[in-house]
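J.: Here it is, the structure in full.
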Amino acid sequence: MLTFSFLTLFPELLAPFAAEAIVGKARERGLVDVNLVNMRDFAQNRHQKVDDTPYGGGAGMVIRVDVAERALRSLPPADEVILFTPAGQRFTQQVAEELADRQHLAFLCGRYEGFDARVEGLVTRELSIGDFVMMGGEAAAACVLEAVARLVPGVLGDPESHQTDSFSSGLLDYPEYTRPAEWQGQAVPEVLKGGNHAAVAAWRRAQALERTWRRRPDLLSHAGLTPQDTATLLELGVSQEDLNVWGAPPAPVKRQRKRRPATAGPAS
């Protein structure tokens with residue numbers, strides 16, 4: 001079981017993410033657990049006040065380090081104690097896969113002007129979900145919960161389903177289709193209806209390459225491109241210069257069929 005402990009001032013914001021859909025079902029099956037800890041319970045004052053004015057002046061309030069420390073100390077030992085902060089490491093699929101191998105993850109969700117800087121000494125990792133500012137860490141926590149929990153073995157119905165997702169394969173995902181076969185003049189590609197699994201796999205790989213090249217070419221340098229991928233990208237119009245930048249291997253050499261020597265006709 002992978003346990004997520006979220007230390008927050010607003011546990012009610014995270015409760016629906018922990019109780020519904022796939023995460024909720026995974027909790028019922030004992031695959032993951034979610035522990036919502038209200039930091040106000042560790043304020044040690046009558047009004048459950050957890051913050052104070054910043055030294056040096058300035059707007060806003062700062063969450064006290066002693067409150068955060070007491071809340072963390074109430075938990076069983078965690079493999080990782082993670083602080084959500086704009087200064088943190090960018091949260092990616094690779095980070096999600098690392099965290100999915102742990103048994104207990106504790107997260108500090110800030111509010112107001114954030115935590116006292118001394119909280120940084122209590123954590124093992126700082127994370128950011130992007131270059132923007134929100135009102136608190138709970139929304140980021142919900143993103144991380146969903147991204148990591150789905151990687152725990154048994155959580156998804158198909159154990160291989162996440163391996164072809166965007167970013168897991170190093171590429172954006174290929175387009176998916178279902179019924180109706182034609183809608184408003186747009187038809188499902190014939191290759192997907194033909195039953196040729198090798199052709200479907202090749203089509204999907206080519207589509208993933210094209211989508212990634214057109215929308216997120218920055219991913220291609222870490223996508224582990226194959227010689228056949230190089231050939232596909234060349235056919236799409238990618239320059240050899242870009243392929244060199246991405247470290248793409250040479251395309252396979254097309255073998256030319258040897259012509260049989262002409263045989264002499266019967267003597268006249």
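Numbering (UniProt numbering), first residue to last: 1 to 268.
Heads up, the beta-carbon is just placed ideally off N, CA and C, and yes, glycines get one too.
(1) Just the Cα atoms here: how many angstroms apart are alanine 223 and arginine 214?
(2) Any chance the CB of alanine 18 is under 7 Å from a heavy atom of the ligand HEM?
(3) If we cut at 8 Å on Cβ distances, does leucine 209 have a partner in chain B?
(4) Please state the DSSP three-state secondary structure of leucine 225.
(5) Does the separation of the CB atoms of valine 155 and leucine 36 fall below 8 Å?
(6) Please report how far the alpha carbon of leucine 192 lies from the alpha carbon of arginine 255, in whole angstroms.
(7) Exposed or buried, what is tryptophan 183 when buried is set at 16 or more other beta-carbons lying within 10 Å of its beta-carbon?
(8) Could you give the first and the last residue of the continuous alpha helix (DSSP H) run that contains leucine 14?
(9) How far does the beta strand (DSSP E) with glutamate 98 in it extend, from its first residue to its last?
(10) How long is the line joining the alpha carbons of phenylalanine 91 and leucine 127, rounded to whole angstroms?
(11) In angstroms, rounded to a whole number, what distance separates the CA positions of valine 95 and asparagine 45?
(12) Which residues in the same chain have their Cβ closer than 6 Å to the Cβ of arginine 111, if we skip the five residues on either side of it in sequence?
(13) Could you name the residues that DSSP lists as bridge partners for valine 37?
(14) Touch check for the region 38 to 58 and the region 15 to 29: three-plus C-beta pairs under 8 Å?
T.: The answer reads as follows:
(1) 15 Å
(2) This structure simply doesn't include the ligand HEM, nor any ligand for that matter.
(3) The structure shown contains no chain B; it holds only a single protein chain.
(4) coil
(5) no
(6) 29 Å
(7) exposed
(8) 11 to 19
(9) Careful: glutamate 98 lies outside any beta strand (DSSP E), inside the alpha helix (DSSP H) at 93 to 99.
(10) 6 Å
(11) 38 Å
(12) Leu9 and Gly136
(13) Leu7
(14) no
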